[in-house]
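Structure, as structure tokens:
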Amino acid sequence: MISRKWFWIIISLYLILGFYIFYTSYQSPTAGIEVEQKNDQCIVVGLLYPELEEIHKINRGDTILKVNGKDINDTSKLKYDSIISFADSATVMNSKGEVRQIIFSHDDLPYQFFNNYILPLCYFLAALFLAIYLYRQQKGNQQALNYLILFILTVAIACGSIPLYMRLNWFGIIINSTTAVLSPILLLSFLKHYYTFLSIHWRIFNYVRYLYIIPIFVLVLTIVEDFYPSMFFIDSLIILSLFFILIMINIAIIIAGYIKYPKSQIKVIFWFIIFPIIPFLVLYVVPLLILQKYIISTSILSIFFLFMSFGFTFAQISERLFDVEYYISRLKYYSLFSLVITLGLVLGIYIITSLPIYEIVSLSIFIFLFILVSFYIREKLDYINRKVLFTPQGNYIHQLYTSIDSIGKTTTREELFQKLSSILAKQLEFNVVYVIGFNISERKIVENKLQTANRLHDSIDISLFENLQLMEISNIGSCYIACIHQDIEMKQILILGNENHSSLKHEELLALELLILYVNNFIDNTKLVEELLAKLKTMEQKDDHPYWFEKLVLLKLEEEKTHLAQDLHDTVLQEQIFLIREMDSILNETNVETLQAKITDFHHQLVSINHQLRAYCEILKPPLLDTLGLNAALNKLFMQTKKRANFTLLKKIEQIDLKNKYTPLFIYRLIQELLTNAIKHSQATYVKIQLLPYENGFEIKYMDNGVGFDIEKLKTSNSMGLAGMKERVRTYNGYFEIDTYPNEGLQIQIRVGED
């Protein structure tokens, strides 16, 4: 880091140069008189600002005799610059030979005074305060910070000295030319150390130190120019070309880094370089190199360099990458809307008023910045008054949704606290996150079973826990505390700590408040579930079941009986009724051949009915399951499926060691239902099914290449197929996952551990 002594020497030099620049600039108001040498006379051929023609009665064809009390022929710079940009006074002779004295004032062109003096002065002061702030904070990579401070100060001097350069002030030309080429070299030095800090090492950075010869060369060039004024035009082109080349090197390095290493910090640098540099190159540098005339003065464009300085500062001192992504997305979002609105307004203003193009561009910049700032103000007011969050990419909403979904799957309070702590530690990037209990009546801390080894709560006054209200979030030193649940006896306190002492943004605090609201309800529900499970466990130990449980079992049995009765009525019973009617019709038949044909047909029908009854018996109780085991029963099921199905069946059945006597039937039913569903609905050409051992239990994997379906429809379906399977697996405390989309097949994974 720059020593304190050298830092204040640099600041003192900065203030001395600034005082000279702005004091000298103030002495000469804007004139903007374009002249031409004719017969040793300086003739007015145009006015950059038509207002001067009305104010001072300067007309084309008038002769300029003196400028600032000095004979016009003694002003050698006019040989190389035909515009009198700034002047205190001028002696003018009109076409009638009348001579009069003109005194220029800043009041003549107030907007030019604002552009050429007020804006550079504001940038100069902003850069000063920014440099002091960076030095006092001393955050981030300190070597890069040194060059960042020097870069900010150098750019401010370069922008502030432009009016002196336009006045052809010799010392102003030296300052402006030298700082103009020095600033992109300082930027390269900053990038060198910042990329190194990000573990990006490029060989090109080894040659940056040699570039400091260029400012020395420019310094010598501008000093020599005072003795040879004819070099002014050539020197200006050389300096501007060097500046352009150095800027393009910076842009190339940043773009290459952005493409090859898409880190958040480089993304910030990318946006805060491209945003201010492109207007400067397009509206000033390139037109000046090609046409020898700029479109917009650098006094106006200097506001973009202010964005550059603040952007680099933000990238350097940003504590968390989460913030970087957030601010980038917010800036892009607001800038896009501001640009669209600005283009619409400016187009309308141009059509109605027909203002000059330079005024239109200045007005565009003002409107754009005004709308952009208004968006930020509106965002702040929305947060204060309506608790509305900015979410251009749905970051907070998406994170909140996934957090609620994950926490909602927990079954115990301890598991809930652990899940909440891990989620917040990841999303908010806190080093220590945990939950403790606070006994209200006894005024003491009750630690949870999953308590972390880091005891931040020991350093917090007990009265803060006592006075903390439900859903209240309080910042205490380097940590936050929040009451996430409260009942008559106990408070649950969330502790969040961070070594970097970083603070939560308003948006994060609001998202945390909303998450706590859900967690509070989850804790109440989880508490009820824990109490219910405890009662069920007690009843199980006593072999005593609640009446509602027995009633539920009976209802389920009756439901299954109803389904079976309906199936038998629709198939076997209907065929038997038809067979009885056919037999009644042949009671009086005397033809022997007809009787034999009918009896043969009856025999075939009875055999078919018998097969159907046997199939129903196998559905209700597979006979091979108890005699030959699960594998034999499944192999027979696979053989039957191959006869009925139009798809290729691939199977893999491994030996499963099961202690529970009901589990083989459960496995059989699951696979049976999967194959039945494949035959009826899948329209697949191949089906693959696997039965594998899993943690003293089993795992079933199913896959087909059929038509698939919309999984959302399964949630509202009354079908007893996949939805019924999911419920069966849930009763065994198992895992059931479906992955499917229309026309993309179906995959199902089932995992059940042995009780």
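According to UniProt numbering, the sequence shown is numbered sequentially starting from 1. Every residue gets a Cβ at the ideal spot worked out from N, C-alpha and C, and that includes glycine.
Inter-segment contact for the region 19–28 and the region 169–184 is present: three or more beta-carbon pairs are separated by less than 8 Å. Beta bridge pairing from DSSP links residue 30 with 86. Sorting 699, 478, 33 and 136 by C-alpha distance to the C-alpha of residue 53 places 33 at the top. If you ignore the 5 residues before and after residue 586, its C-beta comes within less than 7 Å of the C-beta of 595 and 598, all in its own chain and listed in chain order. Assigned with DSSP and collapsed to three states, residue 434 falls in strand. With three or more CB-CB distances shorter than 8 Å, the region 198–215 counts as touching the region 243–262. DSSP, read as helix, strand or coil, puts residue 57 in coil. Sorting 51, 674 and 186 by C-alpha distance to the C-alpha of residue 247 places 186 at the top. Across the structure, residue 478 and residue 471 are spaced so that their CA atoms are roughly 20 Å apart.
Annotated three-state conformation of residue 482 is strand, per DSSP. Here residue 661 is exposed, its C-beta having fewer than 16 other C-beta atoms within 10 Å. The region 101–164 contains, as complete alpha helix (DSSP H) runs of 4+ residues, the segments 110–113, 119–137 and 142–160 (chain order). Counting only residues of its own chain and dropping the five nearest sequence neighbours on each side, residue 31 has a CB closer than 8 Å to the CB of 52, 84, 85, 86, 87, 90 and 104. When only Cα atoms are considered, residue 377 and residue 212 end up about 43 Å apart.
Taken atom to atom, the span from the alpha-carbon of residue 281 to that of residue 498 is near 43 Å.
Inter-segment contact for the region 154–163 and the region 211–230 is absent: fewer than three beta-carbon pairs are separated by less than 8 Å. A Cβ-Cβ separation of about 7 Å places residue 489 in contact with residue 441 under the 8 Å criterion. With respect to the C-alpha of residue 630, the residue from 412, 666 and 601 having the closest C-alpha is 666. One alpha carbon belongs to residue 175, the other to residue 475, and they sit about 49 Å apart. In its chain, beyond the 5 residues on either side, 483 have a beta carbon closer than 7 Å to the beta carbon of residue 469. Residue 8 and residue 15 have their C-alpha atoms roughly 10 Å apart. Considered as a whole, the UniProt domain "Histidine kinase" (667–755) harbours 686–694, 697–704, 735–740 and 746–752 as its complete beta strand (DSSP E) runs of no fewer than 3 residues, in chain order. A Cβ-Cβ distance of about 5 Å is found for the pair residue 649 and residue 687, placing them in contact under the 8 Å criterion.
Taking a contact as a CB-CB distance under 8 Å, the pair residue 66 and residue 72 counts as one, their CB atoms being some 6 Å apart. Counted as a single uninterrupted DSSP element, the beta strand (DSSP E) harbouring residue 66 occupies residues 63–67. Contact between the region 630–648 and the region 601–610 is absent, with fewer than three C-beta pairs closer than 8 Å. In terms of Cα proximity to residue 609, the closest of 574, 751, 640 and 582 is 574. Of the candidates 336, 753 and 136, the residue whose Cα lies closest to the Cα of residue 730 is 753. Sequence-distant partners of residue 642 (beyond 5 residues in either direction) whose C-beta falls short of 7 Å from its own C-beta, in its chain, are 649.
When only Cα atoms are considered, residue 677 and residue 432 end up about 49 Å apart. Runs of the alpha helix (DSSP H) lying entirely within the region 618–647 and spanning at least 4 residues, in chain order: 623–627 and 630–644. Of all alpha-carbon atoms in 64, 417 and 337, the one lying nearest the alpha-carbon of residue 46 is that of 64. Spanning the alpha carbons of residue 411 and residue 751 requires a straight line of approximately 18 Å. Excluding the 5 residues flanking it on each side, residue 514 has same chain C-beta neighbours closer than 8 Å at 400, in chain order. Ranked by Cα distance from residue 652, the options 444, 658, 664 and 671 are led by 671.
Beta-bridge annotation (DSSP): residue 447 is paired with 436.
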